[in-house]
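Undergrad: Quick one: structure below, then a few questions.
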Amino acid sequence: MVKNVLYKLKGLIAVYIIMGLVSQLMNVLSIVYFQRIIDILSEIKNKANITDYISIPLLLYAITTIACCILNYADNYPSTKIENRIYYNFKLLAIDKVSKINFLDYVNYGTGKIIQIVENGSEAGKNILFGFFIEIFYSLVPGLLFSLIVLGTYSIRIMFVIGIGYVVIFIVSNLMLKKLYNIKEKVLIETEWTSNKYVRALMETMIFRVNRKYKQEKADIGKAYDEIIKSETKVVMIHEFFFAFFYLLVIFVKIIIIIMGIWKLNISLGKIVALVMLVDNIYSPISEFNIMYLKYNLDKVAYNRYVNFLSLRDDTNLFNGIELMDKPFKIKAVNFSAGYGRKDAVHNLSYEMEAGKKYAIVGKSGAGKSTFVKTLLGIIKGTKGNLFINESDISTINLDRYYQYISYVSQDAPIFDGTILENITMNKEYAQEEIWRVLDMVLLKGKIEGLDKRLDTNIGEKGIKLSGGEKQKLAIARVLLQDASVIILDEATASMDYLSEEKVLQNLFSEKKDSLILLITHRLKAIEFVDKIFLLENGEIREEGSFAQLIKNQSNFYELWNKHAEQQMK
């Protein structure tokens, strides 16, 4: 994963590191030439001849300092590109993971938690790769190496003093690291939990508003934020203590160098100035490394959680297995069971469905209707028995290729923020006449013709500018345009009025008469015209047959139908 991210940027990273190497060399050389200028000014008594002595060091000083300025500006280009490319590559890796993750693992994590893990992990990954490893080779190693070489030519004893200072910094930083690590892990866990609550509060507007839940939700999130703020403040204060301690130590080292230079070593004024400047050059990389190392270890907490997410199980059949080519489709289940984790939600299902016929699944809430659909889509895996798609067990087929033959519409119509045209065509090319024809079939043509921008009207996030029924009609219009062999409507007409529902379904049945159509619904009026009905109870098929047969049997479906009829009369 990391290798792939860095490999794509290898050329840019190489240029950036070379620029850093040259920049640090120019910086150290500028100090050397500055030292020579001071020594010349302090030693020459005849000022009339000063130009002969100072011109070359002054020119070299000017060249090296100007080169530093130019390089410091120029390196913003590769650094910005590298930093942002790493960050967005990590985010793209997360999208790739979600596209193939095992459905049960995805459900166990939850959307809000995943969003926060990806955001924190991408930022941490960027900091680790760019802010730690690349920066070490860009500035820290070259700066420290060149400064020590020059310092060694001045005084070995002063190098010893600087070494003692570094040992002190190393001990202090490691003591802080243990404290910061525990606080940071607590912050991440609290942030992920809060993000999940926060996303839920933003998404479930109607439910929370009607049930007056926002007040309590806001209070819970507020308390969590208070804890996060306290922990973050502790992190900052401990972090800043290191900076204060470091700068205090550097001041003492500089004073010691000045004292040793004047009274002990008898070195020139220029060398004393150079030594003081080199202390910053040496201690800055050392302090930066310790700070970066602290941050690296803290970022590892978030990054490891991100890596754990990327390491979750993939749906192995999503892109592997038998590629179904035959049409029309035939589906057959033989004593098939499936569910979530250790518990089966559907049991011993045996049924057959084929192209050119219409089917319906009915049952009370919790009967297993949604799980039934998810097994057909290969999202929920079987635990016993077999589910065959055109004679191939669903556990052996390539699901991605299988999905190209399926149109699926849920109760929460899959409508996105865009124009009506974009939502219908999904950026595929269709003739205008065909688009208006399917809009007429779902009873939306008149409404859209009356809009100022017609097909180019933006419907807002999740189609907020449309009613629930209109969103479902738009989703079914998309199905009518597609060439699907299997059409699954999971409560896809639940928000329509009964007359609209009947008309839209009749048009769909007529238009897609060669497809296998499956309705999942609690509105039994919609299923009178299907070829076969499956009644689910406690995850099992209790009855099956045509509408007329099930009514004639006067069993479970008959009771369900009568209750439904009574509710409609009320």
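Numbering-wise (my numbering), the sequence shown opens with residue 819 and increments by one.
Every residue gets a Cβ at the ideal spot worked out from N, C-alpha and C, and that includes glycine.
Going by the beta-carbon positions, is the gap between PHE1352 and TYR1177 smaller than 8 Å?
TA: Yes, these two residues count as a Cβ contact at 8 Å.
Undergrad: What is the DSSP secondary structure of VAL1322, reduced to helix, strand or coil?
TA: Helix.
Undergrad: Assuming THR1189 and ILE1179 form a contact by the criterion Cβ under 8 Å, report the distance between their Cβ atoms to the nearest whole angstrom.
TA: The Cβ separation is near 10 Å, so there is no contact.
Undergrad: Skipping 5 residues on each side, what residues in its chain have a beta carbon closer than 7 Å to that of TYR1248?
TA: Only LEU1299 meet the Cβ criterion.
Undergrad: With the cut-off set at 8 Å, would you say LEU795 and ASP1270 are in Cβ contact?
TA: As shown, the chain starts at 819 and ends at 1388. That puts residue 795 outside it, with no answer to give.
Undergrad: Mind checking GLY930: buried by the 16 CB within 10 Å criterion, or exposed?
TA: Classification of GLY930: buried, given that the 10 Å Cβ count is 16 or more.
Undergrad: In or out: LEU1066 buried (at least 16 other Cβ within 10 Å) or exposed?
TA: Exposed is the call here.
Undergrad: Which one of TYR1032, TYR1114, LYS1041, MET837 has the shortest CA to CA distance from PHE951?
TA: Of the listed residues, the one whose Cα sits closest to PHE951 is TYR1114.
Undergrad: Hey, could you find the ends of the beta strand (DSSP E) ARG903 is sitting in?
TA: Premise fails: ARG903 lies in the alpha helix (DSSP H), 894-916, not in any beta strand (DSSP E).
Undergrad: Where do the N-terminal and C-terminal ends of the beta strand (DSSP E) with PHE921 fall, by residue?
TA: Unbroken run through PHE921 is the alpha helix (DSSP H), 921-927; no beta strand (DSSP E).
Undergrad: When the Cα of LEU839 is compared with those of PHE852, ASN890, TYR851, which residue comes out closest?
TA: With distances taken between Cα atoms, LEU839 lies closest to ASN890.
Undergrad: Can you check whether the CB of SER1228 is closer than 8 Å to the CB of ALA1302?
TA: For ALA1302 and SER1228, no; Cβs fall outside 8 Å.
Undergrad: In the DSSP assignment, find the beta strand (DSSP E) that holds ALA1178 and state where it starts and stops.
TA: Looking at the DSSP string, the run of the beta strand (DSSP E) that includes ALA1178 is 1176-1180.
Undergrad: If you run the structure through DSSP and keep just helix, strand and coil, what is VAL1152?
TA: VAL1152: strand per DSSP, three-state reduction.
Undergrad: Please work out which residues of its chain come closer than 8 Å, Cβ to Cβ, to LYS918, disregarding the five sequence neighbours upstream and downstream, and give them in chain order.
TA: ASP1132, ASP1133, LEU1136, PHE1137.
Undergrad: Using C-beta distances below 6 Å, list every residue in its chain close to LEU1217, excluding the 5 sequence neighbours before and after it, in chain order.
TA: Around LEU1217: ASN1135, LEU1136, GLY1196.
Undergrad: Nearest by alpha-carbon distance to LYS1289: which of PHE852, GLY1268, GLU941, VAL1260 is it?
TA: Nearest of PHE852, GLY1268, GLU941, VAL1260 to LYS1289, Cα basis: VAL1260.
Undergrad: With 16 as the cutoff for other CB atoms within 10 Å, does ASP914 come out buried or exposed?
TA: With fewer than 16 Cβ atoms within 10 Å of its Cβ, ASP914 is classed as exposed.
Undergrad: Using the Cα positions of ALA1019 and GLY1286, report the straight-line distance between them to the nearest angstrom.
TA: So the two alpha carbons sit approximately 20 Å from each other.
Undergrad: Confirm, please, whether the CB-CB distance from VAL1191 to ILE1046 is below 8 Å.
TA: No, Cβ-Cβ distance for ILE1046 and VAL1191 is not below 8 Å.
Undergrad: Would DSSP call GLU1008 helix, strand or coil?
TA: Note: GLU1008 maps to helix in three-state DSSP.
Undergrad: In terms of residue numbering, what span does the alpha helix (DSSP H) encompassing MET1314 cover?
TA: Segment: none, MET1314 is in no alpha helix (DSSP H) and carries neither H nor E.
Undergrad: Would the beta-carbon of ILE904 fall within 8 Å of that of LEU947?
TA: Going by C-beta atoms, ILE904 is nearer than 8 Å to LEU947.
Undergrad: If you pair each beta-carbon of the region 930-943 with each one of the region 843-860, do three or more pairs fall below 8 Å?
TA: Too few Cβ pairs lie closer than 8 Å, so no.
Undergrad: Just the C-alpha distance for GLY928 and THR1012, rounded to the nearest angstrom, thanks.
TA: Whole-angstrom Cα-Cα distance: 12 Å.
Undergrad: Quick check: the Cα distance between GLU1106 and GLY943, rounded to an integer number of angstroms?
TA: Approximately 18 Å, taken between the alpha carbons.
Undergrad: Which stretch, first to last residue, makes up the beta strand (DSSP E) that contains ALA1163?
TA: From DSSP, the beta strand (DSSP E) with ALA1163 extends over 1161-1172.
Undergrad: Buried or exposed for SER1155, please, with buried defined as at least 16 other CB atoms from any protein chain shown within 10 angstroms of its CB.
TA: By the 10 Å Cβ count, SER1155 comes out buried.
Undergrad: Which full runs of the alpha helix (DSSP H) of 4+ residues lie inside the region 826-881, going along the chain?
TA: If we require 4 residues or more, the alpha helix (DSSP H) runs fully inside the region 826-881 come out as 828-861.
Undergrad: Cβ of VAL846 within 8 Å of Cβ of PHE955?
TA: No; because the gap between Cβ atoms is not below 8 Å, this pair is not in contact.
Undergrad: Considering just the uninterrupted stretch of the alpha helix (DSSP H) at PHE1137, what are its terminal residues?
TA: PHE1137 -> no alpha helix (DSSP H), and no H or E assigned at all.
Undergrad: What did DSSP end up calling THR1214 once you bin it into helix, strand or coil?
TA: Residue state, collapsed to three classes: helix.
Undergrad: Is the CB-CB distance between ALA1185 and LEU1354 below 8 Å?
TA: Yes.
Undergrad: Taking just the CA atoms, how far does SER957 sit from ILE967?
TA: C-alpha separation (whole angstroms): 16 Å.
Undergrad: From PHE1059 to ILE982, what does the alpha carbon distance come to, in whole angstroms?
TA: Approximately 20 Å, taken between the alpha carbons.
Undergrad: Taking only three categories from DSSP, how would you classify ILE1207?
TA: Strand, per DSSP.
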